[in-house]
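The structure appears below as structure tokens.
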Amino acid sequence: MTMNDKVKVDTPEQAEFRAYCREWLSENRPAPFTGQMRTTNHPRRNTLEYHRWLQDWQKAAYDAGLVGCDYPKEYGGGGRTDCQRIANQEMVRAKTPMLIGKQGLSLVSPTLIDCGSEFLKTRFIPKALSGEEIWCQGFSEPNAGSDVANQETFAEKKGDHFVINGQKVWTSLWDYSDWMILLTRTDRSHKHNGLTYFCVPVEPELGKSMELRPLINVVGGADFAEEFFKDLTIHEKYVIDGVGKGWSVALTTLKHERGQGQFVEPVAGGMSTATKVESDADKGAKVTSPLVALARKTIRGGKPAADDPVIRDQIMQQIIREKGFDESNRRSAVKGLIDHPMRIPMQFKLVNSEIAQEQAALAVDIEGISASLRNSANPSPAGSSWGNAYIGSFGMTIAAGTSEILRNQLGERVLNLPKSK
Ligand SMILES: Cc1cc2nc3c(=O)[nH]c(=O)nc-3n(C[C@H](O)[C@H](O)[C@H](O)COP(=O)(O)OP(=O)(O)OC[C@H]3O[C@@H](n4cnc5c(N)ncnc54)[C@H](O)[C@@H]3O)c2cc1C
Numbered sequence: 016m017t018m019n020d021k022v023k024v025d026t027p028e029q030a031e032f033r034a035y036c037r038e039w040l041s042e043n044r045p046a047p048f049t050g051q052m053r054t055t056n057h058p059r060r061n062t063l064e065y066h067r068w069l070q071d072w073q074k075a076a077y078d079a080g081l082v083g084c085d086y087p088k089e090y091g092g093g094g095r096t097d098c099q100r101i102a103n104q105e106m107v108r109a110k111t112p113m114l115i116g117k118q119g120l121s122l123v124s125p126t127l128i129d130c131g132s133e134f135l136k137t138r139f140i141p142k143a144l145s146g147e148e149i150w151c152q153g154f155s156e157p158n159a160g161s162d163v164a165n166q167e168t169f170a171e172k173k174g175d176h177f178v179i180n181g182q183k184v185w186t187s188l189w190d191y192s193d194w195m196i197l198l199t200r201t202d203r204s205h206k207h208n209g210l211t212y213f214c215v216p217v218e219p220e221l222g223k224s225m226e227l228r229p230l231i232n233v234v235g236g237a238d239f240a241e242e243f244f245k246d247l248t249i250h251e252k253y254v255i256d257g258v259g260k261g262w263s264v265a266l267t268t269l270k271h272e273r274g275q276g277q278f279v280e281p282v283a284g285g286m287s288t289a290t291k292v293e294s295d296a297d298k299g300a301k302v303t304s305p306l307v308a309l310a311r312k313t314i315r316g317g318k319p320a321a322d323d324p325v326i327r328d329q330i331m332q333q334i335i336r337e338k339g340f341d342e343s344n345r346r347s348a349v350k351g352l353i354d355h356p357m358r359i360p361m362q363f364k365l366v367n368s369e370i371a372q373e374q375a376a377l378a379v380d381i382e383g384i385s386a387s388l389r390n391s392a393n394p395s396p397a398g399s400s401w402g403n404a405y406i407g408s409f410g411m412t413i414a415a416g417t418s419e420i421l422r423n424q425l426g427e428r429v430l431n432l433p434k435s436k
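Using the working numbering, the first residue of the sequence shown is number 16, and each one after it goes up by one.
In structure tokens, the structure reads:
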């Protein structure tokens, strides 16, 4: 989702496309997966069977024109204008399965459109959009997180190839990845101008020149991995935008990752998770906030939590904050109200992730002790989703730039405050 998702009115063409999406989804939304979803050794690691099922769903949605619809036709897109957000709303409304090729959609395709050679664009974008090839992101290292330019993984040029050695960490969605976008150093004498950005294959290199170790997170899931590169050899045609240009390509990726780019990321989901989009049943009851719904059905001291004036006030504060966020985003569509082009885009990821964290914290508070019954057979009132959302929210305020880093950037680039040390 990007900033303007909730605030635009459909043009006639968009209304027609929305009707098409709705009809297609009513006939083609798959039935929930009935096989084994998670591997037995890691409770949150997908089985290959489930992974393939999710890939098949992304391919079907892509073939129907619901994924990548705003990308140019020559790179496998639908050639439409401002239609992805409509497809997204309809997919979420229909509670479809998630799109498993997230990194290919949110990072790789837009980065290649902006910076990739013709070879890279035609080779990779269509299969990233369709989900036939799954991508992961190799930026972070033990000494290069917030300071992402501090790369030590080294790519040495040998003829028309590069030989890569080093280590990456915190790689999300590494499971069954086919390709990785990889930031490396090619020149130790220049911090920023000594970086080079590659597309590298994962699957054929595993156990040969790439060792991959899952990292277990706070809830016992293997959501991350770290990778060790030992002489991984890659042809120079897989460099994005030239040797020494890696820093500007990385900034392009981060721009898209933080929701500041020109493309709306294809997103779907809701088949197995709580969603903020109103269902038809919700609309009848005029329930717009999941916190209101939760407070109505959670019984505390023999009464619904919604009867507690303190809880009511806290929910109202959250609704006001969310409304303020939406209204602020509406401003970005009005040229006369924009004094700095990055003022609102640079707040998007920061504020969005913090609102999500505050709301999850309040929901856990409403649920009380039962919120700790996450993933149990007898879960909390909202089926353990809020407990998981609260724990997961901390990752969201770190990934793609921590809140502290984003505040520094806003201060320096928008408010013209002195640079931080
Ligand atoms: C859910 C999740 C998914 C991720 N997925 C990926 C992925 O797929 N690929 C990938 O490459 N990486 C991934 N990461 C890693 C992520 O990019 C880094 O965690 C992030 O950039 C922060 O780096 P760090 O963890 O090294 O923390 P550090 O940079 O060491 O920061 C530690 C603390 O110091 C603060 N800090 C650091 N520098 C400053 C400063 N100049 N001013 C003020 N405060 C500062 C930070 O805000 C933070 O609180 C993921 C992380 C998470 C949580």
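A virtual CB, placed ideally from N, CA and C, is assigned to each residue, including glycine.
| Item | Value |
| --- | --- |
| Under a Cβ-count criterion, where at least 16 other Cβ atoms within 10 Å of its own Cβ denotes burial, should Leu421 be classed as buried or exposed? | buried |
| Indicate whether the contact test is met: 3 or more Cβ pairs, each with one atom in the region 242 to 256 and one in the region 101 to 110, closer than 8 Å. | no |
| Using CA atoms only, rank isn't needed, just tell me which of Asn180, Ser408, Lys136 is closest to Ala375. | Ser408 |
| Confirm, please, whether the CB-CB distance from Phe244 to Gly181 is below 9 Å. | yes |
| Does DSSP put Arg428 in a helix, a strand or coil? | helix |
| Alpha carbon to alpha carbon, how far is Gln70 from Glu148? Give it in angstroms, no decimals. | 9 Å |
| Tell me, please, whether the region 79 to 95 touches the region 138 to 154 by the rule of three or more beta-carbon pairs shorter than 8 Å. | yes |
| Could you tell me which of Pro157, Thr267, Arg228, His176 sits nearest to Gly276, measuring between CA atoms? | Thr267 |
| Quick one: Cα of Asp354 to Cα of Ile101, how far? | 28 Å |
| Measuring only from the beta carbon, is Ile231 closer than 8 Å to any heavy atom that is part of ligand 1? | no |
| Excluding sequence positions up to five away, which residues of its chain have a Cβ less than 6 Å from the Cβ of Glu369? | none |
| Flag Asn403 as yes when its Cβ comes closer than 8 Å to any non-hydrogen atom of ligand 1, and as no otherwise. | no |
| Using only alpha-carbon positions, find the residue among Phe177, Trp39, Leu135 that is nearest to Thr111. | Trp39 |
| So, helix, strand or coil for Asp297, using DSSP? | Only weak support exists for where Asp297 lies, its pLDDT of 36 falling under 50; the coordinates are left without a value. |
| Note down the Cα distance separating Glu31 from Pro433, rounded to an integer number of angstroms. | 50 Å |
| Classify Ala375 as helix, strand or coil using the three-state DSSP reduction. | helix |
| Could you compute how far the alpha carbon of Phe239 sits from the alpha carbon of Gly410? | 11 Å |
| Between Ser435 and the rest of its own chain, which residues show a CB-CB distance below 8 Å, the 5 nearest in sequence each way excluded? | Asn423, Gly426, Glu427 |
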